[in-house]
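Numbering (my numbering), first residue to last: 1 to 180. Ideal Cβ placement from N, Cα and C applies to all residues, glycine included.
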Amino acid sequence: MRRALGRLALLPVLAACSGDPEFTYGAELEAPPRSAYERSSDEDPTRDHGRADLELDSGAKVIIWIDPGDYRLVLVQHSDPDDADSWTEPERLFEGSGDGCLFVHADTDGEVVAATLGCYHHDAFLQQAPTAGHAAVTTNLEDWRLEDFGEFWGEPHVEDGTVEWDDSSVSWSEDDGFTD
């Protein structure tokens, strides 16, 4: 994941309207393939739950994944909307303590991205609810809002800029933030 700093000076920068985040592209996709999550036990992420792939209205692809080498670490990386082979460097979205995370659920309406991180302080086991379930939301791929809801596992559903989670009273909107 680490790149020589000397190479960064040559990378293109996406600049949009003032106030929009600027991203440095030029990295390769570093998210592991789904095969990296070959299930060996109920204490490991599965190939269907170790990463989430989304596409935005801009054409950018977003991948959120659990690090197969350290389940406590959740990373995010996105592509250049104009060049699907050019990616940002992976960014740490979440780093927990304890046993780590076993699933990522994510959704988008094309602009807002929302995710559920199924993480555990202890006793990580797919057959029980996470003890440190986090909700994550971004509207610009730079500023992520994270909230620990404890025993939280529902899948997010994004529509018209509002997020609601299955099996939960948790919701998020730009005006109200997280509500429960």
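In terms of residues, what are the limits of the beta strand (DSSP E) holding Gly177? Where Gly177 is concerned, the enclosing beta strand (DSSP E) stretches over 177 to 179.
Determine the contact status of Pro33 and Gly59, defining contact as a CB-CB distance below 9 Å. Taking C-beta atoms as the reference points, Pro33 and Gly59 fail to come closer than 9 Å.
So who's on the other strand from Gly118, going by DSSP bridges? In DSSP, Gly118 forms a bridge with Phe103.
With distances taken from CA atoms, which of Glu28, His49, Glu30, Leu29 is nearest Glu38? Looking at Glu28, His49, Glu30, Leu29, the one whose alpha-carbon comes closest to that of Glu38 is His49.
Asp176 versus Ala106 - alpha carbon distance: Asp176 and Ala106 have their C-alpha atoms spaced approximately 20 Å apart.
Could you compute how far the alpha carbon of Thr24 sits from the alpha carbon of Asp85? Here the alpha carbons of Asp85 and Thr24 stand approximately 13 Å from one another.
Ordered along the chain, which non-local residues of its own chain (more than five positions away) have a Cβ less than 7 Å from that of Ser235? The chain is shown only over 1 to 180; residue 235 falls outside these bounds and no answer can be derived.
Inter-residue CB distance, Arg145 and Ala136 (contact presumed, cutoff 8 Å): Approximately 7 Å separates the beta-carbon atoms of Arg145 and Ala136; this is inside 8 Å, confirming the contact.
Tell me, to the nearest whole angstrom, how far the beta carbon of Val163 is from that of Ala114; I am working on the premise that it is less than 8 Å. Their Cβ separation, rounded to whole angstroms, is 4 Å, which keeps Val163 and Ala114 in contact under 8 Å.
Here's a check: name, in chain order, each residue in its chain whose Cβ is nearer than 8 Å to the Cβ of Ser35, leaving out the five neighbours to either side. Taken in chain order, the residues that qualify are Arg47.
For Pro156, is the classification buried or exposed, using 16 other Cβ atoms within 10 angstroms of its Cβ as the cut-off for buried? By the neighbour-count criterion, in which a residue is buried when 16 or more other Cβ atoms sit within 10 angstroms of its Cβ, Pro156 is buried.
Using the Cα positions of Gly100 and Asp148, report the straight-line distance between them to the nearest angstrom. Going from the Cα of Gly100 to the Cα of Asp148 covers about 14 Å.
Mapping DSSP to helix, strand and coil, what is Ser79? Assignment of Ser79 by DSSP, reduced to helix, strand and coil, places it in the strand class.
DSSP state of Ser171 mapped onto helix, strand, coil: Three-state DSSP puts Ser171 in a strand.
Using the C-alpha atoms, what's the distance from Lys61 back to Val112? Answer to the nearest angstrom: the Cα atoms are 13 Å apart.
May I have the straight-line CA-CA distance separating Gly161 from Thr179, to the nearest angstrom? Their backbone Cα atoms lie some 15 Å apart in a straight line.
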